[in-house]
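Take a look at the structure set out below.
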Amino acid sequence: MSKKIKRGNLGASPGTLQYVGPAIESRTRITKIEFNADFQRQSAVRHSGDCLAAVQPGVNTWLNVDGLHQPELIGAIGKEYGLHPLLLEDILNTLQKPKFDFFGDNVLFLVLKWLEYNPYTREVEPEHVALVLGPTWLLSFQEERDRDIFEVIRKRIEAGAGKTRQNGTDYLLYAITDLVVDQYFRVLDAIGENLEELEEALFRDAQQKHVSQIYTVKRELTIMRKTVAPLREILLAMAREAPRSASTLISPTTEIYLRDLYDHVNQVNETVEIYREQMTGLLELYNSTMSNRLNNVMKVLTIISVIFMPLTFVAGIYGMNFEFMPELHWTYGYPFAIGLMACMVIGMLLWFRWKKWL
Amino acid sequence: MSKKIKRGNLGASPGTLQYVGPAIESRTRITKIEFNADFQRQSAVRHSGDCLAAVQPGVNTWLNVDGLHQPELIGAIGKEYGLHPLLLEDILNTLQKPKFDFFGDNVLFLVLKWLEYNPYTREVEPEHVALVLGPTWLLSFQEERDRDIFEVIRKRIEAGAGKTRQNGTDYLLYAITDLVVDQYFRVLDAIGENLEELEEALFRDAQQKHVSQIYTVKRELTIMRKTVAPLREILLAMAREAPRSASTLISPTTEIYLRDLYDHVNQVNETVEIYREQMTGLLELYNSTMSNRLNNVMKVLTIISVIFMPLTFVAGIYGMNFEFMPELHWTYGYPFAIGLMACMVIGMLLWFRWKKWL
Amino acid sequence: MSKKIKRGNLGASPGTLQYVGPAIESRTRITKIEFNADFQRQSAVRHSGDCLAAVQPGVNTWLNVDGLHQPELIGAIGKEYGLHPLLLEDILNTLQKPKFDFFGDNVLFLVLKWLEYNPYTREVEPEHVALVLGPTWLLSFQEERDRDIFEVIRKRIEAGAGKTRQNGTDYLLYAITDLVVDQYFRVLDAIGENLEELEEALFRDAQQKHVSQIYTVKRELTIMRKTVAPLREILLAMAREAPRSASTLISPTTEIYLRDLYDHVNQVNETVEIYREQMTGLLELYNSTMSNRLNNVMKVLTIISVIFMPLTFVAGIYGMNFEFMPELHWTYGYPFAIGLMACMVIGMLLWFRWKKWL
Amino acid sequence: MSKKIKRGNLGASPGTLQYVGPAIESRTRITKIEFNADFQRQSAVRHSGDCLAAVQPGVNTWLNVDGLHQPELIGAIGKEYGLHPLLLEDILNTLQKPKFDFFGDNVLFLVLKWLEYNPYTREVEPEHVALVLGPTWLLSFQEERDRDIFEVIRKRIEAGAGKTRQNGTDYLLYAITDLVVDQYFRVLDAIGENLEELEEALFRDAQQKHVSQIYTVKRELTIMRKTVAPLREILLAMAREAPRSASTLISPTTEIYLRDLYDHVNQVNETVEIYREQMTGLLELYNSTMSNRLNNVMKVLTIISVIFMPLTFVAGIYGMNFEFMPELHWTYGYPFAIGLMACMVIGMLLWFRWKKWL
Amino acid sequence: MSKKIKRGNLGASPGTLQYVGPAIESRTRITKIEFNADFQRQSAVRHSGDCLAAVQPGVNTWLNVDGLHQPELIGAIGKEYGLHPLLLEDILNTLQKPKFDFFGDNVLFLVLKWLEYNPYTREVEPEHVALVLGPTWLLSFQEERDRDIFEVIRKRIEAGAGKTRQNGTDYLLYAITDLVVDQYFRVLDAIGENLEELEEALFRDAQQKHVSQIYTVKRELTIMRKTVAPLREILLAMAREAPRSASTLISPTTEIYLRDLYDHVNQVNETVEIYREQMTGLLELYNSTMSNRLNNVMKVLTIISVIFMPLTFVAGIYGMNFEFMPELHWTYGYPFAIGLMACMVIGMLLWFRWKKWL
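Protein chains in written order, with my numbering: chain A, 448 to 805; chain B, 448 to 805; chain C, 448 to 805; chain D, 448 to 805; chain E, 448 to 805.
Right, dumping it as structure tokens:
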């Protein structure tokens, strides 16, 4: 995950609006969708004054803000909806971890991370997503990237298909969160495929580069775990505590869906854990493969030394220049020496076989 | 465990019915069993209209669906029994982890995993089992495989033996869960035997292939742990919370059985943990065996080098062609050189014995 | 711990009485002890009809059953005392982990493990012990072995010494559990001695066999932990919750003793943990000893090679047969060559000393 | 972190005032700031009698004490404000870990650690900060160092910017804590950069010195974790429990800020954890790089030995001085020997290629 | 820590008084101190009848028993004060872990461990300390050693300094516990110094003996952790629960002190954890130093082999005795051979430099 983002002026007064994230040049795009069971209208918003929610009763408003690099714009929207400065600060801070909070009884604030897996660098790239739920409106904020992650929901509303149109903004909040969690499954599937490839490659021919790949994937899984883990508590809190509180933002119908989603996040979490343990297992496998390989190399070296050192020694003996060396003058001295060497080799080989080195 | 199953269209509207699992061609088989203490009738169901539970008071209905690859069929059954779309979605998703939920006061939903151990691949193969308990009926869903895992219970009902006939569908739910948990013990026994073989093989002659076997079994145990662990909480919740809730689905008689089953699942869990730790221990054993073996190989190499290098050097000395080398002309020069070498060898051997290398 | 016991027919109807344990041939022995502060009578029971508790008020009955391999006998006793089938199933299953449960308000069920340490195999051998406490009676079940583990308590009752006679069957239950926990301390002391021997042996001369000993002891500690750990919760539950429940089985006097026992079990648990960590420490010690030893072996090899390879090379030079090699014809050619070699050796030795290899 | 500080007389009566920290010579500086929304006055305090808080209603007093090495001065201030001796003891003990306590309903006591990262030694240097919050006053104590850590807040009060002036001393307490936590982010950013450099260096060329760097950073992270972790509970307690208690020290407005700060501390904590795991991963990477490098070195040695030992042996054969060696007299004996050697080399090379060592 | 102490007769009836500890010969010393704010009297007690607490109202009695090896004496004191047999059993058992219990409303029982660090063996030596608090009296029991650990408190009472005289026996209980905890800091400081020395020594010149030192310190830290950890819960229980119970043994004034002490114990605990992690880090450092050293040794061996093996081979070639070897008869054959060898050496050296081995 990108770690190069500069935090803003850390000593600034709390609540000061600062964008914290990669530098971006394009303009912020704002889309406003008004809908209920019977009707829907999608429009691009030009200036912040048009942002306010519909006032007709029974009409839900979804305001989607694409781009966080214009703090003054976010500030203007925040003023329109009466949002707390700390909430706006968290919207603008793309390093903010997932969180969930109530601001008063009528505003629910949710920070999520959209994840993309880059199969080339094996890195997981996060995108900051912030949701603000009011009684009849939902604000969604995302970083400006090339992709349009909420398109599928917009199309569903346009088509009137599914339950999104029939239900209120709390269901829409659920639908967006569900989309984010479904993306986690896709990321995990990609990592899982990577893991299986690594596993296969290691079983076939372990190489040093696999270790750095294991290291990278493990690091990404660590970061992903930290991204997903808070979501469990968030969903538990939303499903269990929300209905009991004074707030009526989340309807009992949506509650069942949130519980189901909690279940999904649990599965994501557990899969991350399983992958992490498998990565550790792969590293152990690599290490024992390496130590086994070293053993084999050393065996070859030892066998060759044990065989040739004595032979060379014998040849050295009969290469000595003493005047009086009877063997040198034997007619069969040479065959005798060769025979002696052959016996030594055979003896060594038998010993190696007995030691199970061959 | 099979990891090759493709998830469905992840971006689909929540509650859309999709089968997630391996491709299957055969037809779904549906069996309907009506029973009470006095009577029982088992029949194959041809079309979904026959699925509805018996209306006579005091008669329990068990509908067993064998095959999940026809979502429209499951959808039809769901409509007959008035089941929530999210519940049906979980029935169809064979990747769904064990879970337990109430849908209203009258429907209890339980997802389990039947496990089979394949001793050849050393993999644990899961089969998706979903149970839906209503006041007088129980629906059970399983993947279409060659085996018929619930046959033993069906036979028990037919024979009228045991308590299954005397009790209601809540006891039947327990009986099925008990069967699933008993199977976990069988899987663990198989893994345990494997582990003992591995242990023995490692003590006898540690080999590289054992490491990959340890890796595989450890991975399967990790996955099995994640499969079994949620069952503890599920049974605890069912045994403790169910009777307190408004629901009367689970009778106090069955509660004792559920508590007993909770105990069994605990034992499964602990055995998995013990096996995992033993696997780690085996790996440590392997590694220290390898490092010990390397030490021994290196000792042989060093001994042979320490003995023959000086000898060869001495032979080399007397192989030099200097004109004036007095030893070469001694009558006993050759025996002297051999004697010198013998002394060196004896000295080395004594030194090795003192170093405890021999 | 013995892992070879075959589980019974796992698919059997729950509550079916099956003996699960090693095959045993001798007969089950049943002893009945009736006692109160003033009187005691011990008698061997011949047939199950004699098993029933004394009916005189103020007389406590302790029925000790030695041998679990005759399920029909246990079944008969169970019928006499009106015990639940699941309770009897757990009595007969020697693989059952420690557990504690109430069956109704008047029956308390406790499963324990008596442990023996075998110093030769370094294995901990468990023996199944089940206790059933009723208002005025206590049933104790144990596996048939050569030893008589409860003899000391029987003698105490006979002698009228201690508080066992003065108090009711709940104190007897405590006394038996206390005996079992005291035995854990003995097992731990034996393991502790073993550990100290291992430690000493490792510090003196680490050998490969020590690793398998560490492995065995660690495995046994893992299993022992799983045996002892549940006892903590059991005693906590008995000491804290029992008096609050409707049940009056456990008197407040006994409660203090149970709290004290809880404390002992805690100490057993912690000692097991300390031993496990020490075992890990010993393994680390072994591994670093081995790697150190390898370093030393390699240093010897390297030193010998570094010294003799150049020497042999010089000897090889002057062993060449070139016609025109001036040194060969020098009068002091031979001493010159020897001197050159001596200088090389001295240089090498100085270099090794500077490198701190010598 | 500095570990060389001598604890004072440990056997002293509890509550005895002792400075525990590095020896310091300069004088303690005391600054008094009186402020409310409309006015502010900052003055240096010369003697402890001037320390008392303003008595005008609606005026907040912040007394900042720079230097803890004059216990009698701290004692005098403590007497003026009626502080408990144990509280003063904790102010003076620079080894005191972060803590939070109420002394009565009207005094809230908070101990924090300001951290600085020294990029040269890679050590995290803590500075003791103690805060005492009363109804209209805040006392802050810090060690005497060259830096002035609270200057930014003082300037904010002077400028009247931000919310510090509008709110009471509880907000000031929050602002100081926020400053401390922001500094943690800076420290983490510095460590994170260090980690990335280490990562890069290890991937490029792993060296022994990197291990000691990893060790140092890991040690600092361990200590930092212990410093930051208690802050989570402290803020949770302040945000949740404070308003419920009888105390009215913390206003509901400030509560939202504290919850936000809790969130930040959580992020610090998690980043520390992620870094620690990455450090472990780097160490694994280093170790497998080393073992890989050893394998490569050994391969070179083995290849050279396997090639030259047989060659040297053949040369040795034909260097023997037997009278009757037919090859020596062949016209093409020399080319034959050279050819034989060439064949051997080619054979070896093919074998190495087949073994994938080349 | 000494592990050689023999447990007593484990099968004995619970509550039987047995001394469990090292054999000791000297007599038990008993000191009785009566005190209140105005007066104090210290006297040695000769026989157990003198042990009873003062009956004058407003006078506190502290009875300090030095030596636990005379069970009958402890039994007599226990009878005088009406103590429960289990309490006495725990006083006499020097292996008893720290614990805290109420016996009725008027007796509070506390077991602590005084620790001494032996810098030569690097072992932590525990001493058993038991405290019994009644309404106006405190009994303290300690093992008979050469040191007098409570002397400092006795002197404080004599001098009338500090708060000990002004407050009751509950404050005295706190003061003793505080002394014990302060001693933990001293032990930790000693271990910390040891750790820093080890660290420095490892960075300078890692040796095998350091591993056994690490092992020893780690083992002692493990045992120390188990000794200190229960104290946290004990103090928490005393500070929080005591005032709520029916008991009035601990006054609200003392409660603040206990909370402060809880904080200190927490710090001890955390320091132990930090040291343990650092020890693990040191072991990793040692291991990677060793593997690095091995790499270096192997490089030297490989370099020397790679250089001299080919040279010796060339010398061997020209040492062959073929009749027809043209080079041997060249006038410049010898310089040619030497030149060839020099080229080979230069080539090798360049290759090593390119490989960064030199």
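Note that beta-carbon positions come from the ideal geometry of N, C-alpha and C, so glycine has one too.
Reference Phe632(B); option with closest CA among Asn614(B), Leu562(B) and Pro573(B): If you number the second sequence from 1, residue 632(B) lands on position 185. The residue from Asn614(B), Leu562(B) and Pro573(B) with its alpha-carbon nearest to that of Phe632(B) is Leu562(B).
For chain E, find out if any of its Cβ atoms is closer than 8 Å to the Cβ of Ser698(D); answer yes or no. The residue you call residue 698(D) lines up with position 251 of the fourth sequence. No, its Cβ sits nowhere closer than 8 Å to a Cβ of chain E.
First and last residue of the beta strand (DSSP E) that includes Pro699(C)? Position 252 of the third sequence, counted from the first residue, corresponds to residue 699(C). Counting along the chain, Pro699(C) falls outside any beta strand (DSSP E), though it belongs to the alpha helix (DSSP H) covering Pro699 to Ile764.
Contact residues within the segment 746-780 of chain A, judged by C-beta distance below 7 Å to chain D: Val747, Leu748, Ile751, Ser752, Phe755, Leu758, Thr759, Ala762, Gly763, Tyr765, Gly766, Asn768, Leu775, His776, Thr778 and Gly780
What number of angstroms, rounded off, separates the C-alpha of Gly581(B) from the C-alpha of Leu730(B)? Counting from one through the second sequence, the residue named residue 581(B) turns up at place 134. Counting from one through the second sequence, the residue named residue 730(B) turns up at place 283. Going by the C-alpha atoms only, they are around 49 Å apart.
Within chain B, the residues that Gln655(C) reaches when beta carbons sit closer than 8 Å: Here residue 655(C) refers to the residue found at position 208 when the third sequence is read from its first residue. Within chain B, the residues near Gln655(C) are Ser735, Thr736 and Asn739.
For a test of the three-state rule: what should DSSP assign to Ile480(C), helix, strand or coil? Along the third sequence, read from residue 1 onward, the residue named residue 480(C) stands at position 33. It is a strand residue.
For a cutoff of 8 Å on Cβ pairs, would you count Ile670(C) as touching chain B? The sequence position of residue 670(C) within the third sequence is 223, counting from 1. True, the Cβ-Cβ gap to chain B drops below 8 Å.
Measuring only between beta-carbons, confirm whether Ala500(C) sits less than 8 Å from chain E. As a working note, residue 500(C) is residue 53 in the third sequence. With 8 Å as the cut-off, Ala500(C) does not count as an interface residue toward chain E.
Taking all protein chains shown into account, decide if Cys498(D) is buried (16 or more other Cβ within 10 angstroms of its Cβ) or exposed. For this step, residue 498(D) is matched to residue 51 along the fourth sequence. Burial call: buried.
Opposing strand residues paired with Lys388(C) [DSSP bridges]: With chain C represented from 448 up to 805, any question about residue 388(C) goes unanswered, as that position is not in the structure.
Counting Cβ pairs, one atom from each stretch, are 3 or more of them under 8 Å apart for the segment 525-540 of chain C and the segment 461-475 of chain C? yes
Can you round the beta-carbon distance between Thr475(D) and Gly514(D) to whole angstroms, since I take them to be within the 8 Å contact cut? The residue labelled residue 475(D) in the question sits at position 28 within the fourth sequence. The residue labelled residue 514(D) in the question sits at position 67 within the fourth sequence. Their Cβ separation, rounded to whole angstroms, is 3 Å, which keeps Thr475(D) and Gly514(D) in contact under 8 Å.
Using a beta-carbon distance below 8 Å, is Phe650(B) in contact with chain C? Within the second sequence, numbered from 1, the residue matching residue 650(B) stands at position 203. Yes, Phe650(B) lies at the interface with chain C (some Cβ there is under 8 Å from its Cβ).
To the nearest angstrom, how far is the alpha carbon of Gln589(A) from that of Arg723(D)? One-based indexing of the first sequence puts residue 589(A) at position 142. One-based indexing of the fourth sequence puts residue 723(D) at position 276. About 30 Å.
Distance, Cα to Cα, Asn768(A) vs Ser738(D)? What you label residue 768(A) is simply residue 321 of the first sequence in a count that begins at 1. What you label residue 738(D) is simply residue 291 of the fourth sequence in a count that begins at 1. One C-alpha to the other measures close to 46 Å.
Local conformation of Ser659(D) per DSSP, three classes: Position 212 of the fourth sequence, counted from the first residue, corresponds to residue 659(D). Reduced to three states, the DSSP call for Ser659(D) is helix.
8 Å Cβ cutoff, Gly794(A) in contact with chain B: As a first step, residue 794(A) must be located in the first sequence, where it is residue number 347. Gly794(A) does not count as touching chain B.
Quick one, which of Arg493(B), Ala577(B) and Leu775(B) has its alpha-carbon nearest Phe771(A)'s? Residue numbering aside, residue 771(A) sits at position 324 when the first sequence is read from its first letter. Closest by alpha carbon: Leu775(B).
Give a yes or no on whether the minimum CB-CB distance between Leu797(D) and chain A is below 8 Å. Within the fourth sequence, the letter at position 350 stands for residue 797(D). So, not an interface residue.
Are Pro461(C) and Lys546(C) touching if we call contact CB-CB under 8 Å? Residue 461(C) sits at position 14 when you count from the first residue of the third sequence. Residue 546(C) sits at position 99 when you count from the first residue of the third sequence. Their beta carbons are not under 8 Å apart, which means Pro461(C) does not touch Lys546(C) by this criterion.
With DSSP collapsed to three states, give me the class of Asp593(E). Position 146 of the fifth sequence, counting from 1, holds the residue named residue 593(E). Here Asp593(E) carries a coil assignment [DSSP, helix/strand/coil].
Between Gln517(E) and chain D, is any beta-carbon pair separated by less than 8 Å? The sequence position of residue 517(E) within the fifth sequence is 70, counting from 1. By this cut-off, Gln517(E) is not an interface position.
Distance between Met791(D) and Trp801(D) (C-alpha atoms, nearest Å): As a position in the fourth sequence, residue 801(D) is number 354, starting the count at 1. As a position in the fourth sequence, residue 791(D) is number 344, starting the count at 1. Whole-angstrom Cα-Cα distance: 15 Å.
Interface residues of chain B facing Lys560(A) [CB-CB closer than 9 Å]: Position 113 of the first sequence, counted from the first residue, corresponds to residue 560(A). Neighbours of Lys560(A) on chain B: none; closest Cβ ~17 Å, over 9 Å.
In its own chain, which residues sit with a C-beta less than 7 Å from the C-beta of Val628(C), not counting the 5 before and 5 after it? In the third sequence, residue 628(C) corresponds to position 181, counting from 1. Cβ within range, chain order: Leu708, His711, Val712 and Val715.
Give me the residue from Asp617(A), Trp798(A) and Val658(A) with the minimum Cα distance to Val554(A). To locate residue 554(A), count along the first sequence from 1; it is residue 107. Comparing Cα positions, the closest option is Asp617(A).
Beta-carbon separation (whole angstroms), Asn814(C) vs Phe597(C), contact threshold 8 Å: Examination of residue 814(C) is not possible in this model, given that chain C is present from 448 through 805 alone.
Go through its chain and collect everything with a Cβ distance to Arg672(C)'s Cβ below 6 Å, but skip five positions before and after it. Your numbering for residue 672(C) matches position 225 in the third sequence. Excluding residues within five positions, the ones whose Cβ falls inside 6 Å are Val719.
Find the residues of chain B that neighbour Ile721(A), judging by a C-beta separation of less than 7 Å, and give them in chain order. On the first sequence, residue 721(A) is found 274 positions in, with the first residue counted as 1. The contacting residues are Thr669, Ile670 and Lys673.
Where the beta strand (DSSP E) containing Asn553(A) begins and where it ends: One-based indexing of the first sequence puts residue 553(A) at position 106. Segment: none, Asn553(A) is in no beta strand (DSSP E) and carries neither H nor E.
Is there a Cβ from chain D that is less than 8 Å from the Cβ of Pro461(A)? As a working note, residue 461(A) is residue 14 in the first sequence. With 8 Å as the cut-off, Pro461(A) counts as an interface residue toward chain D.
Taking its Cβ as the centre, do 16 or more other Cβ atoms sit within 10 Å of Leu748(D), making it buried, or is it exposed? Position 301 of the fourth sequence holds residue 748(D). Buried, since its Cβ has 16 or more Cβ neighbours within 10 Å.
Closest Cα partner of Glu717(D) within the set Lys602(D), Leu705(D), Leu758(D) and Arg679(D): Looking up residue 717(D) in the fourth sequence gives position 270. For Glu717(D), the nearest C-alpha among the options comes from Arg679(D).
Is it buried or exposed for Pro699(C), if we count other Cβ within 10 angstroms and need 16 for buried? Position 252 of the third sequence holds residue 699(C). Per the 10 Å Cβ criterion, exposed.
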